[in-house]
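Some notes on the structure that comes next.
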Amino acid sequence: YSKCFLLTALSSLESSSCQATADPEQRRQGRLFRCEQCDYKTQHSSHFKTHAMIHTGEQPYECHLCPWSFSRSHHLKGHLRTHSGERPYKCDICAKKFTQKINLTEHLRIHSGERPYKCLTCLKSFLRKGDLKEHMRVHTGERPYQCDVCLKSYSSRSTLNAHSQIHTRKHQ
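All the letters of the sequence shown, read from the start, carry residue numbers -20 to -1, 1 to 152 under mature numbering (1 follows the signal peptide of the UniProt record, and there is no 0).
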């Protein structure tokens, strides 16, 4: 996907989606917007546009307290709690508190032992979808994180960050 192609696809969707929104019968028939870069599908053009930001890298929701920005407004809302210290989601088992509901949901799996994300290659299972995605790079060989200094590449951001300390220590 080039950004230009994606924007062209979105503008043609925008003009055609007006009819789908205006006509409830067409909505019931299941007009589907499909992403050509991944297997995402939705009946809502607004959801499709939000999803497309994953591929374009657009992050219009900016934190006014730090340099972070987000593709979704609710991600910014959750992030702002890290600045305010608000942690409204509490574990009933151990009383640990979280800024976002998804973090509590994932935390509860520690207590239940649930590991719902399973690698179909080696059958290892994970608490979080992102952990499975990172693990899959073991099988694919993908190394998307590259060091700006020496150009070595790594399969995870945390491994790159650990490696970067080598360069930081050399310059101190």
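We treat Cβ as the ideally placed atom computed from N, Cα and C, and that holds for glycine.
Secondary structure note for Lys29: its alpha helix (DSSP H) is the uninterrupted segment Ser25 to Thr36.
The alpha carbon of Leu88 has as its nearest neighbour, out of Gly121, Cys18 and Ile73, the alpha carbon of Ile73.
Gly121 and Leu107 have their C-alpha atoms some 22 Å from each other. DSSP places Ile90 in the uninterrupted alpha helix (DSSP H) bounded by Lys81 to Ser92. Looking only at Ser92, Arg117 and Leu131, the smallest Cα-Cα distance to Thr101 is reached by Arg117. The secondary-structure analysis by DSSP pairs Glu42 across a beta bridge with Ser49. Straight through space, the alpha carbons of Arg14 and Tyr20 are spaced by roughly 6 Å.
Burial state of His147 is exposed, judged by a 10 Å Cβ sphere holding fewer than 16 other Cβ atoms. Scanning its chain for C-beta atoms nearer than 8 Å, with the 5 sequence neighbours on each side dropped, one finds no residue around Gly65.
One Cα belongs to Thr62, the other to His54, and the distance between them is close to 13 Å. Nearest to Cys18 by C-alpha distance, out of His27, His31 and Cys99, is His31. Counting the other CB atoms within 10 Å of its CB gives Ser25 a total of 16 or more, which places it among the buried residues. Counting the other CB atoms within 10 Å of its CB gives Gly58 a total of 16 or more, which places it among the buried residues. When secondary structure is reduced to three states using DSSP, Thr148 falls in the helix class.
A distance below 8 Å between beta-carbons, with the five flanking residues on each side excluded, links Gln80 to the following residues of its chain, in chain order: Gly58, Arg61 and Tyr69.
For Thr120, the enclosing alpha helix (DSSP H) has its first and last residue at Lys109 to Thr120.
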